[in-house]
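**Q** Take a look at this one; I'll ask things after.
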Amino acid sequence: MAWPAEPWLLHPSVPSRLPPCPPELVSKDNPDTASPLTPPNGRPYNPVVTLNGWTLPWRMNDGVKEFHLVAEPVVREIAPGMKAHLWGYNGQSPGPTIEVVEGDRVRIFVTNRLPEHTTIHWHGQRLPSGMDGVGGLNQKQIPVGKTFVYEFVARRPGTFMYHPHADEMTQMAMGMMGFWVTHPKDRHPLIEPVDRDFCFLLNAYDIDPGSYTPKVNTMLDFNLWTWNSRSFPGIDSLNVRKGDKVRIRIGNLTMTNHPMHLHGHEFVVSGTDGGPTPIGSRWPEVTTDVAVGQMRQIDFLADEEGDWAFHCHKSHHTMNAMGHDVPTMIGVDHRGVVKQITDLIPDYMVMGERGMADMGEMEMPIPDNTLPMMTGQGPYGAVEMGGMFSMLKVRRDQKPGDYRDPGWYKQPKGTQSYEWTGPVAVATRNLDAGQGSMRPAGKTQTQEVVIRKPGSHGQH
């Protein structure tokens, strides 16, 4: 195969000799969270754990760390009961995480097995212009069936992303993206060592109920909100030991912002895609907003034992596809007609007569290859969540380096809410509380109101 010379000749820091053969292709299609990849060679570092993902192996060649990415169609299980036909890298969407050390010279072979040309942009990296990956501006497009080579030095520690800069709307809507972590070469004054280091990408799809392939021209009305192309209950929990210092790196390649909220703990934003934050700029948070194209790194001490929710705080982002743009039928008993309608319109779905949770209780019919709107079972019944939702599981007996799910937390006696079985006083109306008090029963007032009917729920 003749290697393209352009990516190698655009900067004097790049060797002029042609590269050797690419490293062996490594692929993975299992959606489970892989164990951290301890570096077999090169400089040591504390590896990350990619939620429902994995880290790409490399080979050392004359002091250069070499990787091989293959852009290709993939099948991704979004959660049990639903698979999506996506585009990704090395068998998965998102692609594998790339981990290097500050100062490493990195060589990435990129083979294109897509049905169209592509490139890779190394989002947030300092590198020669000719390696930045914008097709037509910095390089020629990578044609179908060809392999290009990128090479540069990882100049600063931090958390970055990679994605195409060719037919970007289509290729990113199909799931083409991945994470990149550059570890500090020495003890860094702004990057504290941690016991557990997690990372994942926020992404979103518009997949019609009953279908498999995303719509690629959707701007805002996505109906499937995912972490690393997984939706709850398909997202693994983050399992830690009580007393661990924990870091979570969150990258956002959706088309909207996400207020990420952690229960039971306070954290500080210790890094962005621009690098570590100054110590004086950090303060305790329980929610941080991650805007489009941004990365946020949060650090905290896992000092509260239990199972703690971790999720996007936009409520419609914690619902699966069937929870979007459905008619409201609260107060209407429509159980007798749903079956007849779905025989004619397979993807028809309405809200339950008592609310969204009612849909699960009534076992409302859903199309094939479609997730229930809210799903997932906990130790006390339905969790009634979907989409961008998972759990931080903190256990005192979780061994160091053990990332296995410890199961459900058993609440100590006297520390859990319970049902009150005694008498409950009936509320009385206070007629002397002023104009804003509740009106007596039996009297009604006529008031004209203006109701605005919204369109679709855009502006996510």
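Just so you know, our numbering puts 44 at position 60 of the sequence shown, and the rest follows in order with no gaps. By construction, the Cβ of each residue, glycine as well, lies at the ideal position given by its N, Cα and C atoms.
1. CB Val276 to CB Thr240, shorter than 8 Å?
2. Please state whether DSSP places Gly72 in a helix, a strand or coil.
3. From the DSSP output, in three-state form, read off Arg338 for me.
4. Just tell me which of Pro112, Pro260 and Glu288 has its CA closest to the CA of Val224.
5. Could you have a look at His247 and say whether DSSP puts it in helix, strand or coil?
6. Since Tyr73 contacts Leu98 with CB under 8 Å, what's their CB separation in whole angstroms?
7. With DSSP run on the structure shown, which of helix, strand or coil describes Ala63?
8. Report the CB separation of Thr354 from Gly194 in whole angstroms; it is logged as a contact under 8 Å.
9. Along the beta strand (DSSP E) that carries Ala188, what are the first and last residues, could you check?
10. Thinking C-beta only, is Trp211 closer than 8 Å to Ser11?
11. Should Gly264 be labelled buried (16 or more other beta-carbon atoms within 10 Å of its own) or exposed?
12. Do the CB positions of Val165 and Glu50 come within less than 8 Å of each other?
13. Would you grab the beta carbon distance between Glu56 and Val90 for me? Rounded to a whole angstrom, and I think it's under 8 Å.
14. Looking at Gly26: is its Cβ nearer than 8 Å to the Cβ of Gln76?
15. Looking only at its chain, what residues have a beta carbon closer than 6 Å to the beta carbon of His308, apart from the 5 residues adjacent to it on each side?
16. Would Cys483 be called buried (16 or more neighbouring beta carbons within 10 Å of its own) or exposed?
17. Measuring straight from C-alpha to C-alpha, what distance separates His300 and Pro217?
18. Go through the segment 136 to 222 residue by residue and report every complete run of the alpha helix (DSSP H) that reaches 4 residues or more, in order.
19. Is it true that the CB of Arg280 sits closer than 8 Å to the CB of Thr272?
20. Does the pairing of the segment 103 to 119 with the segment 238 to 255 give three or more beta-carbon distances under 8 Å?
21. Rounded to a whole number of angstroms, what is the C-alpha to C-alpha distance between Pro356 and Asn304?
22. My assumption, with CB atoms under 8 Å, is that Asp283 sits in contact with Val137. Please give the rounded CB distance.
23. If distances are taken between C-alpha atoms only, which option among Trp392, Gly227 and Ser19 comes closest to Pro363?
24. Apply the 10 Å Cβ neighbour rule to Asp88 and answer buried if 16 or more other Cβ atoms are within range, or exposed otherwise.
**A** Let me spell this out:
1. yes
2. strand
3. In this prediction, Arg338 scores a pLDDT of 49, lower than 50, which makes its location untrustworthy; no coordinate-derived value is stated.
4. Glu288
5. coil
6. With 8 Å as the limit, Tyr73 and Leu98 do not qualify as a contact, their Cβ atoms being about 10 Å apart.
7. In this structure, Ala63 counts as strand in the three-state DSSP scheme.
8. 6 Å
9. Arg180 to Tyr189
10. In this structure, Ser11 sits away from Trp211, with a CB-CB distance that is not shorter than 8 Å.
11. So Gly264 ends up on the exposed side.
12. no
13. Their Cβ separation, rounded to whole angstroms, is 21 Å, which puts Glu56 and Val90 out of contact at 8 Å.
14. The answer is no: Cβ separation not under 8 Å.
15. In this prediction, His308 has a pLDDT of 46, which is less than 50 and means its spatial position is unreliable; what the coordinates show is noted afterwards. Within the same chain, His308 has close Cβ partners Asn207.
16. The requested residue 483 does not occur in the structure, where the chain is confined to residues -15 to 444.
17. 15 Å
18. 152 to 157
19. Yes. Within cutoff.
20. no
21. 7 Å
22. So it is not a contact: roughly 27 Å between Cβ atoms.
23. Trp392
24. buried
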